Amino acid sequence: MTEQAVAEAARADEQDGCDHADGTPVSDEALVADELLVEEVSIDGMCGVY
Amino acid sequence: MGCAVSTSAGGCGPSGPGVPPGNTVSPRADAAGGFGGSSPRTDTAGGSAADPAFDLDRPWCIDERVAVRPEPFGALLYHFGTRRLSFLKNTTVLQVVRSLAEHRTARSACLAAGVGAAALPAYERALATLAASQMIKERPPR
Amino acid sequence: MRLVEQFERGLAAPICLTWELTYACNLACVHCLSSSGRRDPRELTTAECREVIDTLERMQVFYVNIGGGEPTVRPDFWELVDYATAHHVGVKFSTNGVKIDPGVARRLAASDYVDVQISLDGATAEVNDAVRGTGSYATAIRAMRNLAAAGFRGFKLSAVVTRHNVSQLDELTALADAHGAQLRLTRLRPSGRGADTWPELHPTAAQQRQLYDWLSAHGEQVLTGDSFFHLAPYGEPLPGLNLCGAGRVVCLIDPVGDVYACPFAIHENFLAGSVRQPGGFQAVWRDSGLFAELRRPQSGGACGSCQFFDSCRGGCMAAKFFTGLPLDGPDPECAVGHGAAALQAADRAAAPRPAPDHSHRGPVRGQAGPVPVSIGPRPAAPPARACDENPLAGFAGRGEPAVAFR
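Protein chains in written order, with this note's numbering: chain A, 9 to 58; chain B, 1451 to 1592; chain C, 24 to 429.
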């Protein structure tokens, strides 16, 4: 993606939050209560590299 | 060069990883087990191994060895010393992390990013995770 | 959306990628996934390599795994490593150790953003050299000693798990520990020359189970490059994303600038484009039709209804492809056993051939040379002289290989 596209997607994200499967918007607050906002892994933990 | 896609927020040392040898912050010197290695070796490096409660009311900043890359879903953080990747899963937490250096406290960074009272605990947990993996650190006093 | 699902749809840039710098190699390992040996005359120039690094910097690719062939035989290798680290791209390079003398080791130990991975496929010369050639064990050990003596802690000792070394995992760990290194174990794929040797070299089903148990017991002390997610049905998934990264979070740039979905899938079906095309690597990553296809949500096909699909994800695309299995079916080493049945039914002679082939033409270090498993008739080319340096010596016609390797 171009930088501009990434930035636009980011702005759209902030405004709209994520949607339910049926398309109705979910508020950011409802989302974050349920899930971890940060996940971690080692850079060795992905397949397809030497 | 795409400066709009920035590396670490300013204010905490050299402006990004990958600087030529001579950089005073040597990941090999810091991290137990040296450059690379998985979590048991790096968790014991420089600071507490346990996961302490995160203090929202202290000043924080991104570690200078960390690269920040925005993504549609939020962001990727990569620590060149520990070789750990952190995924920020929304753009608000990215905003919080990027603005840490500009705020007196992590709490004010959260508030400025629009984090409400109900959501704050989740952001505190997120910041605690990042602190435990050395992605962010307390700002040294001026 | 779960993180893994997010990744399966692809990212703005790879998280890391493999970059094979040259097809030239001083060895002739029987399972070489890139069929390396002879330099390709079309390999990227130093200037083109710098352009690739500039692109990786712009895209914020965090780090690149440099391999080959043997990357250190390129005269500009050190210049390119320095250029990468000076441009915010971390480097780990994979080597058989041939050039890691004490001076080089000291230089590496002093560099903050360069990691080294020594390839070794056995804890003893007997086991290792059968695969990698006479003297290759000694070369690797010498390199490890030099790195350890120079104070380079935490470099990687990387072994591909085979039928013959799966009983040596503890000894490999000890070998790594003795040199201050970290052991890395990865999966043998039937890629490159591995296509011919995989049937005899890949672990048996019973050995796979032992391997899984050993990996579970050794947790995060041993790196795996996430290459064993196909073993997840045996129990808890092993550490890692448990996800095929091809075209999604990783890809391969080959010595002539071709971009493939992953280093284990060097074949025109997985060719996404070239860094030499307009827009370079960034355009390939962003716009390739192949990558768009890989980033579409995958249903899993025949595996989708299996209770273990969520963790094994149908296994490795390259492993299926080069054993002649359908991509929407089980992995040839499916832990539940579906792969074995599929292999029985598959027409092995019709399996796709890895391409291109840069193997040495004759014996190297006790290795007999490429096993001439031909699908069709080979052209009657005059035998090349053993001392001929031209990598195309012996090929007919316009300087292109007469056999359709590509």
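From the three backbone atoms N, C-alpha and C, an ideal C-beta is built for every residue, glycine too. As the structure is a prediction and not an experimental result, all values here were calculated from the model.
Just to check my reading of the structure: residue 36 of chain C and residue 308 of chain C have Cβ atoms closer than 8 Å, yes? What is that Cβ distance to the nearest angstrom?
Counting from one through the third sequence, the residue named residue 36 of chain C turns up at place 13. Counting from one through the third sequence, the residue named residue 308 of chain C turns up at place 285. The Cβ separation is near 7 Å, so the contact holds.
Per DSSP, cross-strand counterpart(s) of residue 43 of chain C:
Residue numbering aside, residue 43 of chain C sits at position 20 when the third sequence is read from its first letter. For residue 43 of chain C, which the question treats as bridged, DSSP gives the partners C:90.
Would you say residue 335 of chain C and residue 256 of chain C are within 9 Å of each other, going by their C-beta atoms?
The residue given as residue 335 of chain C occupies position 312 in the third sequence. The residue given as residue 256 of chain C occupies position 233 in the third sequence. Going by C-beta atoms, residue 335 of chain C is nearer than 9 Å to residue 256 of chain C.
Using only CA atoms, which one of C:367, C:333, C:223 lies nearest to residue 53 of chain C?
Sequence index remark: in the third sequence, residue 53 of chain C carries index 30 (1-based). With distances taken between Cα atoms, residue 53 of chain C lies closest to C:223.
Using a beta-carbon distance cut-off of less than 8 Å, what residues from the region 1504-1532 of chain B approach chain C?
1517, 1519, 1520, 1521, 1522, 1523, 1526, 1528, 1530
Residue 46 of chain A at chain B interface by Cβ criterion, 9 Å
Translated into positions along the first sequence, residue 46 of chain A becomes position 38. Closer than 9 Å to some Cβ of chain B, the Cβ of residue 46 of chain A qualifies, so yes.
Run through chain C and tell me which residues come within less than 8 Å of residue 1561 of chain B, C-beta to C-beta.
Working through the second sequence from its first residue, we reach residue 1561 of chain B at position 111. Here the premise fails: no neighbours, minimum Cβ distance about 27 Å.
Residues sharing a beta bridge with residue 1586 of chain B, DSSP:
As a working mapping, residue 1586 of chain B is identified with position 136 in the second sequence. In DSSP, residue 1586 of chain B forms a bridge with B:1512.
Neighbourhood of residue 1539 of chain B by C-beta, 6 Å cutoff - its chain only, sequence neighbours within 5 removed:
As a working note, residue 1539 of chain B is residue 89 in the second sequence. The answer, listed in chain order, is 1524.
Rounded to a whole number of angstroms, what is the C-alpha to C-alpha distance between residue 1493 of chain B and residue 52 of chain A?
Here residue 1493 of chain B corresponds to residue number 43 of the second sequence, with the count starting at 1. Here residue 52 of chain A corresponds to residue number 44 of the first sequence, with the count starting at 1. A caution first: residue 1493 of chain B carries a pLDDT of 34, below 50, which makes its placement in the model unreliable, though a value can still be read off. Their backbone Cα atoms lie some 16 Å apart in a straight line.
Within chain C, the residues that residue 1570 of chain B reaches when beta carbons sit closer than 8 Å
The count along the second sequence starts at 1 and reaches residue 1570 of chain B at position 120. By Cβ distance, chain C contributes nothing, its closest Cβ being about 22 Å from residue 1570 of chain B, past 8 Å.
Nearest-angstrom Cα separation, counted from residue 377 of chain C out to residue 288 of chain C
Residue mapping note: residue 288 of chain C aligns to position 265 of the third sequence, counting from 1. Residue mapping note: residue 377 of chain C aligns to position 354 of the third sequence, counting from 1. Computed Cα separation, rounded: 8 Å.
Are residue 169 of chain C and residue 218 of chain C closer than 9 Å when you measure CB to CB?
Position 146 of the third sequence, counted from the first residue, corresponds to residue 169 of chain C. Position 195 of the third sequence, counted from the first residue, corresponds to residue 218 of chain C. No; because the gap between Cβ atoms is not below 9 Å, this pair is not in contact.
Helix, strand or coil for residue 49 of chain A? Go by DSSP, reduced to three states.
Position 41 of the first sequence, counted from the start, is the residue given in the question as residue 49 of chain A. Note: residue 49 of chain A maps to strand in three-state DSSP.
By DSSP, does residue 1520 of chain B sit in helix, in strand, or in coil?
Here residue 1520 of chain B corresponds to residue number 70 of the second sequence, with the count starting at 1. Residue 1520 of chain B: strand per DSSP, three-state reduction.
Among C:61, C:209, C:107, which one has its Cα closest to the Cα of residue 141 of chain C?
Here residue 141 of chain C refers to the residue found at position 118 when the third sequence is read from its first residue. Comparing Cα positions, the closest option is C:209.
If we cut at 9 Å on Cβ distances, does residue 57 of chain A have a partner in chain B?
Here the question's residue 57 of chain A lines up with position 49 in the first sequence. Chain B, which has no Cβ nearer than 9 Å to the Cβ of residue 57 of chain A, makes this no.
Uninterrupted beta strand (DSSP E) stretches inside the region 1547-1589 of chain B (no shorter than 3 residues)
1586-1588
Please determine, among C:228, C:229, C:189, C:263, the residue with the shortest C-alpha to C-alpha distance to residue 243 of chain C.
Numbered from 1 along the third sequence, position 220 holds the residue referred to as residue 243 of chain C. The residue with the shortest Cα to Cα distance from residue 243 of chain C is C:263.
Between residue 1459 of chain B and chain C, is the shortest Cβ-Cβ distance under 9 Å, so that the two count as touching?
As a first step, residue 1459 of chain B is located in the second sequence; it is residue number 9 there, counting from the start. Residue placement at residue 1459 of chain B is flagged as unreliable, the pLDDT there being 39, under the threshold of 50; the coordinate-derived value follows with that caveat. Answer no: the Cβ-Cβ gap between residue 1459 of chain B and chain C never drops below 9 Å.
Sequence-distant residues of its chain with Cβ nearer than 6 Å to residue 72 of chain C (five each side left out)
As a working mapping, residue 72 of chain C is identified with position 49 in the third sequence. If we look at residue 72 of chain C and ignore the five residues flanking it on each side, its Cβ neighbours are 103.
Mark residue 46 of chain A as exposed unless 16 or more other C-beta atoms lie within 10 angstroms of its C-beta, in which case mark it buried.
Residue 46 of chain A sits at position 38 when you count from the first residue of the first sequence. By the neighbour-count rule (16 or more Cβ atoms within 10 Å), residue 46 of chain A is buried.
Ends of the alpha helix (DSSP H) at residue 362 of chain C?
On the third sequence, residue 362 of chain C is found 339 positions in, with the first residue counted as 1. Note, residue 362 of chain C: alpha helix (DSSP H), 361-368.
Helix, strand or coil: how does DSSP classify residue 113 of chain C here?
Along the third sequence, read from residue 1 onward, the residue named residue 113 of chain C stands at position 90. It is a strand residue.
Compare the C-beta of residue 252 of chain C against all C-beta atoms of chain B and say whether one is closer than 9 Å.
Position 229 of the third sequence, counted from the start, is the residue given in the question as residue 252 of chain C. Taking Cβ atoms only, chain B never reaches closer than 9 Å to residue 252 of chain C, which makes this a no.
Cα separation between residue 116 of chain C and residue 146 of chain C?
The residue labelled residue 116 of chain C in the question sits at position 93 within the third sequence. The residue labelled residue 146 of chain C in the question sits at position 123 within the third sequence. Their Cα atoms are separated by approximately 21 Å.
If I follow the unbroken beta strand (DSSP E) through residue 141 of chain C, where does it start and stop?
Position 118 of the third sequence, counting from 1, holds the residue named residue 141 of chain C. Note, residue 141 of chain C: beta strand (DSSP E), 137-142.
Looking at the structure shown, is residue 281 of chain C part of a helix, part of a strand, or coil, going by DSSP?
Here residue 281 of chain C refers to the residue found at position 258 of the third sequence. In this structure, residue 281 of chain C counts as strand in the three-state DSSP scheme.
Quick check: the Cα distance between residue 166 of chain C and residue 179 of chain C, rounded to an integer number of angstroms?
Sequence index remark: in the third sequence, residue 166 of chain C carries index 143 (1-based). Sequence index remark: in the third sequence, residue 179 of chain C carries index 156 (1-based). Cα-Cα distance, rounded: 12 Å.
Considering just the uninterrupted stretch of the alpha helix (DSSP H) at residue 332 of chain C, what are its terminal residues?
Taking the third sequence and counting its residues from 1, the one referred to as residue 332 of chain C is at position 309. Note, residue 332 of chain C: alpha helix (DSSP H), 332-335.
Measuring straight from C-alpha to C-alpha, what distance separates residue 1532 of chain B and residue 187 of chain C?
Locating residue 1532 of chain B in the second sequence gives position 82, where the first residue counts as 1. Locating residue 187 of chain C in the third sequence gives position 164, where the first residue counts as 1. Roughly 33 Å separates the two Cα atoms.
On a CA-only basis, which of C:151, C:46, C:229 is nearest residue 61 of chain C? Give me that one, please.
Taking the first residue of the third sequence as 1, we reach residue 61 of chain C at position 38. When only C-alpha atoms are compared, the closest one is C:46.
Is it buried or exposed for residue 292 of chain C, if we count other Cβ within 10 angstroms and need 16 for buried?
For the purposes of this step, residue 292 of chain C is taken as the residue at position 269 of the third sequence. Residue 292 of chain C comes out exposed.
Please state the DSSP three-state secondary structure of residue 30 of chain C.
On the third sequence, position 7 is the one that residue 30 of chain C refers to. Correct three-state label for residue 30 of chain C: helix.
Should residue 1555 of chain B be flagged as near chain A, meaning a C-beta pair shorter than 9 Å?
If you number the second sequence from 1, residue 1555 of chain B lands on position 105. Output row for residue 1555 of chain B: interface = no.
Residues in the same chain with beta-carbon distance under 6 Å from residue 338 of chain C, minus the five sequence neighbours each way, listed in chain order, please.
Here residue 338 of chain C refers to the residue found at position 315 when the third sequence is read from its first residue. So the qualifying residues of the chain are 253, 354.
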